[in-house]
Amino acid sequence: MGKTQWWKQSVVYQIYPRSFYDSNGDGIGDIPGVIAKLDYLKQLGIDVIWLSPVYDSPNDDNGYDIRDYQSILSEFGTMEDFDRMLDEAHERGIRIVMDLVVNHTSDEHAWFVESRSSKNSPKRDYYIWKKEKDGGPPTNWESAFSGSAWKYDEKTGEYFLHMFSEKQPDLNWENPDLREDVYRMMRWWLDKGIDGFRMDVINLISKDQTMPERRPDPGKSLVSAFEFHANGPRIHEFLHEMHEQVLKHYDIMTVGEMPGVDVEQGRKYTDEARQELNMVFHFEHMSLGDGPDGKWEDRPWKLTELKEIMTKWQEGLDEHGWNSLYWNNHDQPRAVSRFGDDSVHREKSGKMLATLLHGMKGTPFIYQGEEIGMTNVQFSSINEYKDIETINWFNEKRFQGFSEKELMPSIYGRGRDNARTPVQWNSSEHAGFTTGSPWLTVNPNYEDINVEKALADRNSLFYYYQKLIQLRKEEETLVHGSYGLLLEEDEEVYAYTRTREGETILVVCNFTAEKQERSLPGTIAGKEIGLLISNEKEDLHDLKQFTLQPYEAFMYRLN
Ligand code: TEU
Ligand code: CA
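Structure follows, in structure tokens:
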């Protein structure tokens, strides 16, 4: 059957199941909980669900440490529940894309249990084992979750590589048997009828076999560790092989999560002629404000920096490849808290951010709760936090002598639990997420911010997202039009056009809480003929001279 590239016309909604909806009162979101909310997602109008991992796991990294790729974590439900969810979603015209985590497994996976049992194990080379060097780890590589990326294993007297937690040993993609086992598992899921994969840190799977020392970067951490390993020597060979062995045989969507990818690489990964992936998640806008110690130091940044990044990717993939578009996910702070205003202008700034992103060329991703403007959270004690990345970083910094008081602002700004507080469904206890005790404390602002309240207010952020999603179905220019940046040096207002076959759509966003007076050039002003969407007013500005209200955003059709 011909492939329709349906993913270019789609809007994707990411579900982090642990925090989405708990159907049985154990305080943990689950698959029946997803089924219970499919009608809500249908009402929003999304086309695809990206489901974060639901596979059997000891939950050292909340499911990104997989113990059995072909069974469902009991807390989330059964394989029958999964099959029912898939059917119920498909009945509603919603596709399901699963999370493929094959850079590493859990250390409790049968492959690793066998691999670590003996140096002569038939599975030894499914993982990356090295001898000590100078009495210590084989290289100076760092884990993304603090500390060395090598763990010594007493039983066989060697170190194994783990780019993430010690319970997430890296798979050895140099081993063709391992690759074949991965492809076999992928086909098993695709033959069940799923609609594609989001591929976890997929550009880390090819390691430099010469095992070079990382250049000594004093004070650097996470980002340089990723950049060091990203886009390794055989990555395009492996992804093309995956395409030939698996992907090309199904009508699916693939998106590779790629820390440390740049736009040149991004074009290579997504150029259809190269037969690798459909799109990638880059992290350049997620790194805005990073300091030398990575994300934990939130520095001021300028709107022109964001414009430069987004424009580079819009133009860079315009002819060859395809963009993903996102402000947040389960690893990133909440969009309105990070890029907008999560207090006075919360919904207004949320609508502005949504307009800016959904007007661009690519496939937009909405993270659960973003559509109602959920915000970051500030728990008073580190003991309320659950994320291994946060806890390891906090402990490492405390060991270096920093006080809890000094460390909490970084966690408030960039900690991953910001995105993982339970979805706020209504104003009842625990925001209607569970009738039990939630695995992670619900954000205390749930009485003011919840789905029930949003659905009752025609002017809510929810209905604005609903309209943006509908627009993308109606306006071919929003899907295929080329992007053209305006007001390039402007530090307060972001404006761009989308042009296709003589039709032009103008997108204008005030990124500030202040009024902004602006005028647009004659190529634009005077050509405004129709309003597509606005978070401020229904009638058109005269673009020769106009005033934008705080966080005002609109899309116009131009003639
Ligand atoms: O994330 C990889 C990754 O880049 C994250 O470490 C993220 O950039 C960082 O935490 C931001 O501070 C993927 C998954 O999305 C993440 O949840 C997993 O913890 C990680 O891989 C390991 O599987
Ligand atoms: Ca549950």
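Read in order, the letters of the sequence shown are residues 1 to 559 in UniProt numbering.
Using N, Cα and C, we set each Cβ at its ideal position, and we do this for glycine too.
Spatial neighbours of residue i within its chain, please: C-beta separation below 8 Å, excluding the five flanking residues on both sides.
i           : result
residue 168 : 60, 61, 64, 65, 104, 105, 106, 107 and 162
residue 261 : 203, 230, 231, 269, 280, 282 and 283
residue 492 : 303, 510, 511, 512, 514 and 516
residue 79  : 71 and 72
residue 483 : 311, 314, 315, 318, 360, 361, 496, 497 and 498
residue 86  : 96, 192, 193 and 194
residue 467 : 533
residue 264 : 316
Work out the CA separation of residue j and residue i for me, nearest whole Å.
i           : j           : result
residue 429 : residue 450 : 12 Å
residue 165 : residue 403 : 24 Å
residue 200 : residue 433 : 27 Å
residue 8   : residue 533 : 21 Å
residue 280 : residue 35  : 28 Å
residue 359 : residue 400 : 45 Å
residue 266 : residue 314 : 11 Å
residue 196 : residue 322 : 16 Å
residue 297 : residue 198 : 28 Å
residue 222 : residue 300 : Caution applies to residue 222, whose pLDDT of 46 falls short of 50 and renders its modelled position unreliable; the model cannot decide the point.
residue 454 : residue 37  : 15 Å
residue 379 : residue 287 : 24 Å
residue 101 : residue 346 : 34 Å
residue 539 : residue 456 : 25 Å
residue 146 : residue 541 : 52 Å
Grab me the residues of residue i's own chain with a C-beta within less than 6 Å of its C-beta, minus the 5 sequence neighbours each way, in chain order.
i           : result
residue 139 : 211 and 213
residue 3   : 251
residue 410 : 296
residue 75  : 28
residue 520 : 543
residue 405 : none
Please say whether residue j and residue i have beta carbons closer to each other than 8 Å?
i           : j           : result
residue 256 : residue 202 : yes
residue 511 : residue 494 : yes
residue 328 : residue 367 : yes
residue 556 : residue 506 : yes
residue 194 : residue 96  : yes
residue 350 : residue 316 : no
residue 17  : residue 26  : no
residue 22  : residue 502 : no
residue 420 : residue 440 : yes
residue 422 : residue 438 : yes
residue 390 : residue 337 : no
residue 342 : residue 551 : no
residue 325 : residue 364 : yes
residue 508 : residue 553 : yes
residue 56  : residue 47  : no
residue 547 : residue 527 : no
residue 371 : residue 44  : yes
residue 130 : residue 152 : no
residue 472 : residue 12  : no
Take the Cβ of residue i as the centre, count every other Cβ of all protein chains shown within 10 Å, and call the residue buried at 16 or more, exposed below.
i           : result
residue 273 : exposed
residue 295 : buried
residue 464 : buried
residue 39  : exposed
residue 355 : buried
residue 109 : buried
residue 291 : exposed
residue 81  : buried
residue 215 : exposed
residue 242 : buried
residue 118 : exposed
residue 481 : buried
residue 14  : buried
Tell me, to the nearest whole angstrom, how far the beta carbon of residue i is from that of residue j; I am working on the premise that it is less than 8 Å.
i           : j           : result
residue 362 : residue 387 : Actually they are not in contact, since the Cβ atoms of residue 362 and residue 387 sit about 28 Å apart, beyond 8 Å.
residue 115 : residue 127 : 5 Å
residue 369 : residue 332 : With a Cβ gap of about 12 Å, residue 369 and residue 332 do not count as contacting.
residue 233 : residue 208 : 6 Å
residue 418 : residue 334 : 6 Å
Apart from the five residues just before and just after residue i, which ones in its own chain have a Cβ nearer than 7 Å to its Cβ?
i           : result
residue 245 : 183
residue 530 : 556 and 557
residue 98  : 51, 189, 194 and 197
residue 172 : 125, 126, 127, 128 and 178
For review: beta carbons within less than 5 Å of any heavy atom in ligand 4
Among the ligands modelled here, namely ligand 1 and ligand 2, ligand 4 does not occur.
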